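To convert, note that position 58 of the sequence shown is 420 in our numbering; the numbers rise steadily by one, no gaps.
Everything on this sheet refers to the single structure shown next.
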Amino acid sequence: MCRNIRVLHNFEPPATEDEVHAAAVQYVRKVSGATRPSAANQEAFDAAVEAVAEATRVLLESLVTHAPPRDREIEAAKAKERSAARFGPR
């Protein structure tokens with residue numbers, strides 16, 4: 363499940379709200395052990411996602427780096443190369 367959580371720090375442009383929310387959903391899914399909560403747990407699941415997303419936003423705004431910002435397209439190409447090397451071309 364957590365393979366979908368991506369590095370969000372030090373990109374130009376910065377991480378979007380959708381990316382932060384998607385990472386929070388993946389984290390809460392992993393911790394709860396449920397990809398889709400029951401109706402009885404939906405409210406707690408949603409509250410946890412919002413709390414994790416807010417903590418992620420605070421973290422990303424607080425981090426400092428001296429490295430140049432990464433390019434999303436270059437990082438995606440690198441990930442695709444690693445995947446092809448590991449699993450073979452598709």
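Built from N, CA and C at the ideal position, the CB exists for glycine as well.
Treat the numbers as computed from the prediction; the structure is a model and nothing was measured.
- Judged by beta-carbon spacing, Val-369 lies beyond the 8 Å limit of Ala-415, meaning their Cβ atoms are not closer than that value.
- Taking C-alpha positions only, Ile-436 is separated from Ser-445 by approximately 14 Å.
- Assigned with DSSP and collapsed to three states, Arg-368 falls in coil, not helix or strand.
- Between the segment 372 to 379 and the segment 420 to 437, the count of Cβ pairs shorter than 8 Å is three or higher; the stretches touch.
- Arg-398 carries a coil assignment under DSSP once its states are collapsed to helix, strand and coil.
- Taking 8 Å as the cut-off, the beta carbon of Val-420 is found no closer than this to the beta carbon of Val-387.
- It is roughly 29 Å from the alpha-carbon of Thr-378 to the alpha-carbon of Arg-448.
- Relative to Val-390, the option among Leu-422, Ser-400, Asp-408 and Asp-380 whose CA is nearest is Asp-408.
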